[in-house]
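> Take a look at this one; I'll ask things after.
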Amino acid sequence: SYHSSSDADLMYAHYYNGAWHIQHVETISGTGHPYTSIQVDSAGMPHIAFGDPGNGAVRYTRRVGATWQTETIAVVGGFGDEVSLVLDTQDHPHIAYHDDTLDALRYAYHDGAAWHIETVDAPYASGWPSLALDSAGLPRISYQDRWDGTLNYATYNGSTWQRKAVDSGRPAYTSLALDSIDRPHIGYTADSELRYATFD
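So the sequence shown is numbered by this note's numbering: it starts at -18 and just counts up by one.
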């Protein structure tokens, strides 16, 4: 999934039978700029989270049969461009995103019936969030604290969020993965370096 600068649309490309096939998913000008986040469910169908800068919103779409079903998750002001999507074991979407209006890191998930949204950290939070779900299905997020320029790591224990600082140097473009024992591994840039952090 990506933003097409020539069409200003959200695009989806997949490789099939020896060729690439490309679709326009959303044609509202600017959708998906500059970042999107994609996951494929257990049936092989794509799900995409993306920003809608024209409406200052975070949106979510999924392919159902031959059509795309799109909905607005939150109106956040600004571009709504920093998003991270994962699917749980039931193919329900979970999205971490920056809310420009609240200047907060927010977490949204769908339980099969409705969306639920929580604030993870505020204010001055949520640059470049990356979301993962642990073996219990609980969210973990790496992100930049825009106030003090630290790399932060947030975990949810089922009732409250805990946050810890990992590194300094105004980190950006964080990417989080969990290993088989739920230990976090984070790739990111900081002080013009590519860095990697984990916890023993």
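Ideal Cβ placement from N, Cα and C applies to all residues, glycine included.
1. Apart from the five residues on each side of it in sequence, which residues of its chain come closer than 8 angstroms, Cβ to Cβ, to Asn133?
2. Taking 7 angstroms as the limit between beta carbons, can you name the residues of its chain near Ala158, skipping five residues before and five after?
3. Just to confirm, is the Cβ distance from Pro110 to Ser65 under 9 angstroms?
4. At 3 residues or longer, what runs of the beta strand (DSSP E) sit wholly inside the segment 114 to 148?
5. If you drop the 5 nearest sequence neighbours on each side, which residues of the same chain put their C-beta closer than 6 angstroms to that of His2?
6. Roughly how many angstroms lie between the CA atoms of Asp22 and Arg176, to the nearest whole one?
7. Rounded to whole angstroms, what is the Cα-Cα separation between Trp142 and Tyr78?
8. For Met26, list the residues DSSP reports as bridge partners.
9. With DSSP as the reference, please indicate the residues paired to Ser156 in a beta bridge.
10. Could you name the residues that DSSP lists as bridge partners for Asp80?
11. Out of Asp81, Ala85, Leu83, Ile76, which has the shortest C-alpha to C-alpha gap to His91?
12. Are there 16 or more other CB atoms within 10 angstroms of the CB of Ile19, so buried, or fewer, so exposed?
13. Express the C-alpha separation of Thr100 and Val57 in angstroms, rounding to a whole number.
14. Out of Thr136, Gly108, Asp160, Pro152, which one is the CA nearest neighbour of Tyr16?
15. Tell me the DSSP bridge mates of Arg176?
16. Counting only the same chain and skipping the five closest in sequence on each side, list residues whose C-beta sits under 8 angstroms from that of Gly46.
17. Leaving out five residues before and five after Ser161 in sequence, what residues of the same chain have Cβ atoms less than 6 angstroms from its Cβ?
According to the structure data:
1. So the qualifying residues of the chain are Asp102, Ala106, Ser123, Tyr124, Gln125, Asp126, Arg144, Lys145, Ala146, Val147.
2. The beta carbon of Ala158 lies closer than 7 angstroms to those of Ala113, His166 in the same chain, with the five residues before and after it left out.
3. Note that the C-beta distance between Pro110 and Ser65 is below 9 angstroms.
4. Counting only runs of 3 or more, we get 120 to 126, 131 to 137, 142 to 148.
5. So the qualifying residues of the chain are His(-5).
6. Between Asp22 and Arg176, the C-alpha separation is close to 30 angstroms.
7. Each residue's alpha carbon lies about 16 angstroms from the other.
8. DSSP lists no partner for Met26.
9. Residue pairing by DSSP places Ser156 opposite Gly168 in a beta bridge.
10. DSSP, once it has assigned bridges, lists Ala85 as partnering Asp80.
11. Nearest C-alpha to His91: Ile76.
12. Answer is exposed; the Cβ neighbour count stays below 16.
13. Each residue's alpha carbon lies about 12 angstroms from the other.
14. Minimum Cα distance to Tyr16 is reached at Gly108.
15. For Arg176, the pairing in a beta bridge is given by DSSP as Tyr169.
16. Around Gly46: no qualifying Cβ.
17. Excluding sequence neighbours, Ser161 sits near nothing in its chain.
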